[in-house]
Amino acid sequence: MSCFFVTGGSGFIGSAYIRFLISSTDHQVINIDKLTYASNLDSLEMVEKNPRYHFVQGDILDEKLLGELFKEFHPDYVVHLAAESHVDRSIQNSRNFIETNIIGTYNLLEISRKYWLSLGSKEKLKFKFHHISTDEVFGSLSSKGLFNEESPYNPSSPYSASKAGSDHLVRSWYKTYGLPILISNCSNNYGPYQFPEKLIPLTIMNAMEGKPITIYGDGKNVRDWIFVEDHVEAMYAVLTKCDIGSSYCIGGNSQKTNLEVVKEVCNILETILPRDINLQSSYHDLITFTKDRPGHDFRYAIDTSKIYDSLGWKPRETFKSGLEKTIKWYIDNTFWLENVNRETQKL
Ligand SMILES: NC(=O)c1ccc[n+]([C@@H]2O[C@H](COP(=O)([O-])OP(=O)(O)OC[C@H]3O[C@@H](n4cnc5c(N)ncnc54)[C@H](O)[C@@H]3O)[C@@H](O)[C@H]2O)c1
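Residue numbers (this note's numbering): 20 to 366.
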């Protein structure tokens with residue numbers, strides 16, 4: 020049994036990772052989360068009473084608290100997800116992104132380094148710092164080509180620039196100080212418990228409420244999509260099987276235009292939750308287009324050969340099967356959306 024420090028564990032991917040660790044392993048998990056608007060403790064209801072799970076409300080900018088937690092819990096692994104994660108919000112106000120994503124990562128690295136240096140030789144060999152990052156750090160592709168672990172960094176938005184900055188810091192703590200780190204750069208995640216400001220849950224929520232489904236520009240921007248439960252299995256494989264100092268690109272091999280994504284959501288909803296026939300319109304009629312996002316990257320796509328070949332990991336879900344599971348979850352869990360909406364209105 021190992022002790023995992025998970026930062027940002029009450030967010031979308033962090034909560035999926037913790038549910039996975041508690042249900043599929045015997046590890047102990049310490050979740051350190053500030054509980055920003057993007058978090059939701061309901062996402063961890065199924066683990067909150069488990070004796071192997073412990074929650075601490077805290078900010079990764081709080082050095083004193085982090086130092087105390089390292090002393091108290093003695094982690095074997097740090098899995099760092101805490102971040103401001105929404106591109107549109109980073110365009111409106113980038114300060115939190117610089118503070119949490121860059122300075123927060125710096126704090127965690129420095130405290131991890133001091134802690135690691137204080138460990139005995141066996142524990143020192145075991146310790147790893149896994150930084151969870153995005154494919155957005157590589158910038159935009161044209162209609163051809165794939166990102167891989169050697170792709171140059173070329174971020175476009177304040178969000179992706181702050182994540183690129185944190186990737187560089189993490190790598191430099193390995194090169195300069197020898198801190199045992201791993202980095203994974205993943206494509207767009209979707210699945211249950213995702214805050215409805217991101218494309219897929221926002222589309223599902225608006226469609227279910229009969230509100231306009233708005234798409235940036237002409238909807239031809241392409242993203243690779245991965246079901247969140249596939250991502251967390253890949254994260255665990257990277258942490259437990261990979262050589263320190265390495266990075267891995269993770270993707271779902273599902274490249275779709277935004278318009279294709281929205282149409283697929285509408286198709287699935289038509290089958291499992293048909294609109295009132297008296298309305299004489301389909302979910303597709305709710306689709307509208309708006310002015311493009313500034314600096315909107317055209318295309319992201321991932322070459323997954325390294326993780327496929329070296330770790331034997333492959334996503335279990337196709338885009339269709341993952342999306343069906345996701346939509347059914349949102350239909351069955353409207354209480355979760357209602358709680359989220361109430362929280363958002365407080366902002
Ligand atoms: N969502 C994606 O498609 C995607 C893809 C690739 C990589 N990532 C990366 O994965 C990580 C998690 O993404 P997500 O979609 O789950 O994000 P999210 O916004 O759903 O969750 C982020 C969590 O971090 C917490 N947090 C924010 N600032 C904090 C701080 N200063 N101290 C402590 N906790 C803080 C929030 O409360 C929230 O629970 C991020 O680092 C993101 O960059 C996300």
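Every residue gets a Cβ at the ideal spot worked out from N, C-alpha and C, and that includes glycine.
Here I151 is not near S104, since their CB atoms are 8 Å or more apart. Not one heavy atom of ligand 1 is found less than 7 Å from the C-beta of I49.
Burial of K182 is indicated by the presence of at least 16 other C-beta atoms within 10 angstroms of its C-beta. Here N69 carries a coil assignment [DSSP, helix/strand/coil].
As the crow flies, the alpha-carbon of L201 is around 49 Å from that of S300.
Secondary structure at W332: coil, using DSSP grouped into helix, strand and coil. Contact between the segment 324–341 and the segment 257–268 is present: 3 or more CB-CB pairs across the two stretches fall below 8 Å. The straight-line gap separating the alpha-carbon atoms of H149 and E155 is approximately 18 Å.
Proximity to V75 across L100, V48 and D95 peaks at V48, based on C-alpha coordinates.
Burial is judged here by how many other beta carbons sit within 10 angstroms of a residue's own beta carbon; Q274 has at least 16 and is buried. In this structure, the alpha-carbon of T119 lies about 24 Å from that of Y319.
A direct Cα-Cα distance of roughly 16 Å separates S34 from C205.
Short of 7 Å from the beta carbon of I306, and not among the five residues preceding or following it, lie these beta carbons of its own chain, in chain order: I232, I234 and V281. Spanning the alpha carbons of S329 and V284 requires a straight line of approximately 34 Å. Not a single heavy atom of ligand 1 lies less than 7 Å from the C-beta of L165. Counted as a single uninterrupted DSSP element, the beta strand (DSSP E) harbouring K147 occupies residues K147 to T153. The alpha helix (DSSP H) runs lying completely inside the segment 265–308 and spanning 4 residues or more are 277–291, given in chain order. Using a Cβ-Cβ distance cut-off of 8 Å, the segment 70–85 and the segment 26–46 are in contact, since at least three pairs of beta carbons, one from each stretch, lie closer than that value.
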